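Here's the structure, in structure tokens; my notes come after.
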Amino acid sequence: MKVRTRFAPSPTGALHVGGIRTALFAWLVARQAKGQFVLRLEDTDKKREQAGAEEQIINSLKVLGLQYDEGPDCGGQFAPYRQSERLESYKQWAQKLIDKGRAYADPYTVEEVQKFRDEAQKAKKPFLYRNHRPTQPPKWNGKTPLRFQSEPKPYKWHDEVLGDLNTGPEVVDDFILIKSDGYPTYNFSHIIDDAEMEISHVIRGQEFIASTPNYLNLYEALGLERPILATMPHILGPEGKKKLSKRDGAKDVLDYIEAGYLPEALVSFISTLGWNDGTEQEIFTVEELIDKFDLKKVQRSGAKFDEQRLEWTNGHFIREMPLNKLSPIAESFWPEAAERFDEQYKKDVLSLVQERLKFMAELPQLTSFFFSEPKISEVKELFDNPTDRQLKSASKLQIKALLVESAKVLEPSDFTEKDITSRLNGLLEQLNTKPGILFAAIRIAITGSKSSPQLFGTLRVLGKDKSLERLKRAIETLRS
Ligand code: GLU
């Protein structure tokens, strides 16, 4: 079988993790089978369309490396790939249904249909449009909706994720194919496009599961073969109860990129939202995913979106990345003051914080003291009101003495990391104090903060002059 999958977003807003996951899984199925992945824009709901959404969708896919083989901006053998440019085709297929007696003009006003609906509700019966099917519908003139004339019956079908499903005839109804504005409904257009574009797998969200029997009915009426269907589980908030919302931290994918999340980390994290390879593995490279991904292992129940796990995943990819590759990515994230410093210095700083960086937007906060003097008021505050238990146990006078001694042993140092390490470790022994006191005090003095990358490396990168200067400044502070 020729494998051709598609991602078919509506340009009604930015792409969130749920949409990206659908795209990723469809992309993986195609890549794995050396098939094609198609991007199709379902832009037939003009009221909900948002300017710029198409561009955002395209950028999101590209930035994550989910390159499509056919799409609105690159064309392909089944172009065009925007539904609004395929109206003629929908009309032709609609005409086929009219000719077969399987579509008819809807003669009712919206109010009339609402009345039928209300009556059904009063009678506590499910509303079915087909119970009101007109006996002699007018000829369709394109100005009223065109409805499908369904042939209700029970269905059995297989979903790659949900397994074997079945429904009774009561869920099959006469739905709208073409709206009064001339645009097709999703229910109609996606079936036509999937068939014309020779799509083998329809991979999509849960919201379409209830309508699937209607689609099966329509495939039959059109004489089309059903594609393979796969329904993705919901993505839930961190508690695993409600559907994921913006409040849970679910941002537009491009926002994550802007905050310095690495595309490969996002891909790995998103792939594990409802899928695993049957082991405990939580981090996957794209190559591993292409090799291991299996629609049959996608879980049926909702998948929890945990932003902390995303941060952890991203941190992993940052740590694994060679410095030469990470450096250009960091470029746009440095604090302003870093502008005056050369590439090598920034690289040295980066290599020190690489270990603890969870995403690039943390760079200014973690590195500002490498580029500008820590505020003396902050240094003073940390010495006046230490929060650390060990540091608290030392008096300010003792701390001052420790800093004086530190400056003294560092004065003759050549400031290689090895030398700094041996001098300060020697001092620790000589003064018989604790690292939690001595090193914590030096850290505060030179960084103006309680935490920093590892201390000896920090001193080396800062350099001798600056380090000594900051130690002296802190000593002054402790005098007052
Ligand atoms: N246009 C639909 C949506 O954005 C696509 C569903 C599908 O993949 O068929 O929800």
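Taking my numbering, the leading residue of the sequence shown gets 681, the next gets one more, and so forth.
Even for Gly, the Cβ is constructed at its ideal location relative to N, Cα and C.
All figures in this text were calculated on a predicted structure; none of them were measured in a lab.
Which same chain residues, not among the five before or five after residue i, have their C-beta less than 6 Å away from its C-beta?
i        : result
Val-851  : Pro-893
Ile-1122 : Ser-1086
Leu-1118 : Leu-1082, Leu-1108
Tyr-899  : Arg-906
Pro-849  : Pro-832, Lys-833, Pro-834
Ser-1129 : none
Report back the beta-carbon spacing between residue i and residue j to the nearest angstrom; my notes put them in contact at under 8 Å.
i        : j        : result
Val-947  : Leu-1032 : Their Cβ separation, rounded to whole angstroms, is 27 Å, which puts Val-947 and Leu-1032 out of contact at 8 Å.
Arg-684  : Gln-716  : 5 Å
Glu-722  : His-870  : 7 Å
Ile-700  : Ser-764  : Contact flag wrong, Cβ pair sits at about 23 Å.
Thr-911  : Leu-842  : 5 Å
Gly-693  : Leu-719  : Gly-693 to Leu-719, Cβ: 16 Å. No contact.
Pro-1002 : Thr-1047 : Not a contact, Cβ separation roughly 19 Å.
Asp-854  : Arg-797  : In fact, because the Cβ distance is near 14 Å, the residues do not count as touching under 8 Å.
Ile-1056 : Thr-1157 : 6 Å
Gln-736  : Leu-896  : With a Cβ gap of about 33 Å, Gln-736 and Leu-896 do not count as contacting.
Phe-1136 : Ile-1100 : 5 Å
Ile-998  : Leu-1006 : 7 Å
Pro-689  : Gln-730  : 11 Å between Cβ atoms; not a contact.
Leu-1151 : Ala-1125 : 5 Å
Phe-1051 : Phe-1095 : Phe-1051 to Phe-1095, Cβ: 19 Å. No contact.
Following the continuous beta strand (DSSP E) through residue i, name the residue where it begins and the one where it ends.
i       : result
Asp-839 : 835-839
Arg-686 : 684-687
Leu-717 : Here residue 717 turns out to be Phe, not Leu, going by the sequence shown. From DSSP, the beta strand (DSSP E) with Phe-717 extends over 716-719.
Tyr-784 : 783-785
Phe-828 : 826-828
Let me confirm a value: residue i is counted as buried when at least 16 other C-beta atoms fall within 10 Å, else exposed. Which label applies?
i        : result
Ser-1075 : exposed
Gly-698  : buried
Glu-1035 : exposed
Glu-734  : buried
Leu-1077 : exposed
Asp-954  : Here residue 954 is Gly; the residue named in the question, Asp, does not match the sequence. Buried, since its Cβ has 16 or more Cβ neighbours within 10 Å.
Val-1029 : buried
Asp-873  : buried
Lys-802  : exposed
His-696  : buried
Pro-1133 : buried
Ignore the nearest five residues each way along the sequence and tell me which others in residue i's own chain have a CB closer than 7 Å to its CB.
i       : result
Asn-994 : Tyr-941, Leu-942, Ala-945, Lys-1038, Phe-1039
Ser-981 : Pro-913
Ala-713 : Val-683
In the DSSP assignment, the alpha helix (DSSP H) including residue i goes from what residue to what residue?
i        : result
Gly-843  : It is not in any alpha helix (DSSP H) - Gly-843 instead sits in the beta strand (DSSP E) that spans 843-847.
Gln-1070 : 1069-1072
Leu-857  : Run containing Leu-857: none in the alpha helix (DSSP H); it sits in the beta strand (DSSP E), 856-858.
Phe-796  : 790-802
Arg-1123 : 1115-1127
Pro-1092 : Neither: Pro-1092 is in no alpha helix (DSSP H) and is coded neither H nor E.
Leu-1158 : 1144-1159
Val-622  : Outside the shown range of the chain (681 to 1160) lies residue 622, about which nothing can therefore be said.
Leu-708  : 697-712
Ala-774  : 767-779
Leu-746  : Looking at the DSSP string, Leu-746 is not in any alpha helix (DSSP H), and its letter there is neither H nor E.
Leu-1043 : 1043-1051
Lys-1060 : 1056-1064
Glu-938  : 933-938
If you drop the 5 nearest sequence neighbours on each side, which residues of the same chain put their C-beta closer than 8 Å to that of residue i?
i       : result
Ala-783 : Ala-774, Leu-777, Trp-820, Leu-826, Arg-827, Phe-828, Gln-829, Leu-857
Lys-823 : Ser-860
Pro-787 : Pro-814, Pro-817, Pro-818, Thr-824
Is the closest heavy atom of the ligand MN to the C-beta of residue i under 7 Å?
i       : result
Ser-690 : With respect to the ligand MN, the structure offers nothing, as its ligand set consists of the ligand GLU.
Task: Minimum length 3: unbroken beta strand (DSSP E) runs contained in the segment 866-907 - done: 881-884
- [ ] Jot down the residue ranges of each uninterrupted beta strand (DSSP E) in the segment 960-1041, minimum 3 residues, whole runs only, in chain order.
- [x] none
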